[in-house]
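Working notes, beginning with the structure itself.
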Amino acid sequence: MLNLILAIVVSASIDSTMLFIGDQTNLHLQATCDPAEQVQMPVYGETLIPDIEIVDRTAIDTTKLADGRYLLNQTLTLTSFKDSLFYIEPLPFVSGEDTFWSQGLSLNVIQPFEVDSSLVITDIKPVAKAPIWWWGIFRWILIALLLAGLAYGARYLALFIGRRKGVIPPAPKEPERPAEEVALEKLDKIKEEKIWQTGQVKEYHTELTDVVREYIGRRFDVSSSEKTSDETLRAMKPLLIEQKDLYEKLRKMLSLADLVKFAKWTATPDENELSLKTAYDFVHETTPEAPEEKEENV
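Last residue of the sequence shown? That's 298 in the working numbering, and every number before it is there in order.
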């Protein structure tokens, strides 16, 4: 049926009025109007009516006819999953303040097979067991063995080439020298150079305290090189609790060095000599006795 009012004609048609559940059919919307008229096609969301879904839609296609009028076309793809006879009421086409209605339509959705609700739901097929892919496992084992062989071969080749070229393996590291031995050797060098006598007093006290700080770090595990003199003395006080005189000598030596290095203090020759003697005494008096010496004392 066509609805003709003024110069606008609208229609709606469906490809098939009978549909199996889940199948699809097309609903065609058409409107013919004069060039001066504007027609809005029916607007729907995801459903046309309850239980009839719109799964796709085309853009509105506009064609100019031979008589100068315009033909508007749009196609909606419908589907349904409910077994029922549906009535689709007339569809509205809007132009300005006027509404034009298409003819009503019907759609019969059919269940193609009967469902026996008394049957228990079961799997279509039993659970299948995946076969073991022996070739894949064997292939990965072969690849692992091949890589291990290549690594061993590369190592053997490197050793062989090294022997042919006369490469000497690195010598084993010498055992670390005792802390007191290293400290006394450095103090002997400072004593021999006597740089404070050439006016390098600041450098002299810096080298002297560096030797003592390094020795404290190795002997007492106190990172004196990273601490100030006050922090070093606080860390050493409980360690020298039975050697109060030695602690006092260390305090005076470090204090004098700070004065020389930071306060531009002019130390006397006697003070320079005393600082060196204090460094020697500190190393000697804190060096643990050798096992042989202990046995002789016993």
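Even glycine gets a Cβ: it sits at the ideal position worked out from N, Cα and C.
Bear in mind the structure is a predicted one, so any value in this text is a computation, not a measurement.
Where do the N-terminal and C-terminal ends of the beta strand (DSSP E) with residue 299 fall, by residue? There is no way to answer for residue 299, as the model of the chain reaches only from 1 to 298.
Can you tell me whether residue 134 is buried or exposed, with buried defined as 16 or more other CB within 10 angstroms of its CB? exposed
Going by other Cβ atoms of all chains shown within 10 Å of its Cβ, with 16 needed for buried, is residue 128 buried or exposed? exposed
How is the beta strand (DSSP E) around residue 93 delimited, first residue to last? 92-95
Given this structure, state the Cα-to-Cα distance separating residue 78 from residue 138, to the nearest angstrom. 54 Å
Whole-Å CB distance - residue 285 paired with residue 246, under 8 Å assumed: 5 Å
Excluding sequence positions up to five away, which residues of its chain have a Cβ less than 8 Å from the Cβ of residue 265? Around residue 265: 256, 259.
Can you give me the Cβ contacts of residue 71 inside the same chain, cut-off strictly under 6 Å, excluding the 5 residues immediately before and after it? 32, 63, 65
Smallest Cα separation from residue 52: which of 39, 107, 102, 94? 107
Residue 212 in three-state terms, based on DSSP: helix
Just tell me which of 92, 21, 218, 20 has its CA closest to the CA of residue 176. If we check each option's Cα against that of residue 176, 218 comes out closest.
Reference residue 9, options 99, 140, 180, closest by Cα: 99
If you draw a straight line from the alpha carbon of residue 209 to that of residue 232, how long is it in whole angstroms? 11 Å
Can you list, in chain order, the residues of its chain with a C-beta nearer than 6 Å to that of residue 192? Leave out the 5 residues immediately preceding and following it. none
Leaving out the 5 sequence neighbours to the left and right, which residues in its chain are closer than 8 Å to residue 168 when beta-carbon positions are compared? Below a pLDDT of 50, predicted positions are generally treated as unreliable, and residue 168, at 49, falls in that range; no measurement from the model is reported.
Work out the CA separation of residue 43 and residue 85 for me, nearest whole Å. 23 Å
Does the beta-carbon of residue 196 have 16 or more other beta-carbons within 10 angstroms, so that it is buried, or is it exposed? The residue is buried, with at least 16 neighbouring Cβ atoms inside 10 Å.
Can the beta-carbon of residue 275 be found less than 8 Å from the beta-carbon of residue 253? Less than 8 Å divides the Cβ of residue 275 from the Cβ of residue 253.
Candidates 236, 215, 188, of which the one nearest residue 277 by Cα: Closest in alpha carbon position to residue 277, among 236, 215, 188, is 188.
Reducing DSSP to helix, strand and coil, say where residue 151 ends up. Look at residue 151 here: in three-state DSSP terms it is helix.
Bounding residues of the alpha helix (DSSP H) (the contiguous stretch that carries residue 188): 179-193
In three-state terms, what does DSSP make of residue 207? Here residue 207 carries a helix assignment [DSSP, helix/strand/coil].
Just verifying my parser: in three-state terms, what is the DSSP assignment at residue 255? helix
Tell me the residue span of the alpha helix (DSSP H) that contains residue 229. Its alpha helix (DSSP H) spans residues 229-236.
Quick check: the Cα distance between residue 76 and residue 90, rounded to an integer number of angstroms? The alpha-carbon atoms of residue 76 and residue 90 are separated by roughly 15 Å.
Taking only three categories from DSSP, how would you classify residue 11? strand
Let me confirm a value: residue 216 is counted as buried when at least 16 other C-beta atoms fall within 10 Å, else exposed. Which label applies? buried
Taking the CB atoms as reference points, tell me whether residue 61 and residue 73 lie closer together than 8 Å. yes
For residue 21, I'd like the list of residues in its chain whose CB is within less than 8 Å of its CB, leaving aside the five on either flank, ordered along the chain. 80, 81, 82, 83, 109, 110, 111, 112
Simplified DSSP assignment, three categories, for residue 44: The answer is coil: DSSP assigns residue 44 none of H, G, I, E or B.
Check residue 219 in the structure and name its three-state DSSP category. helix
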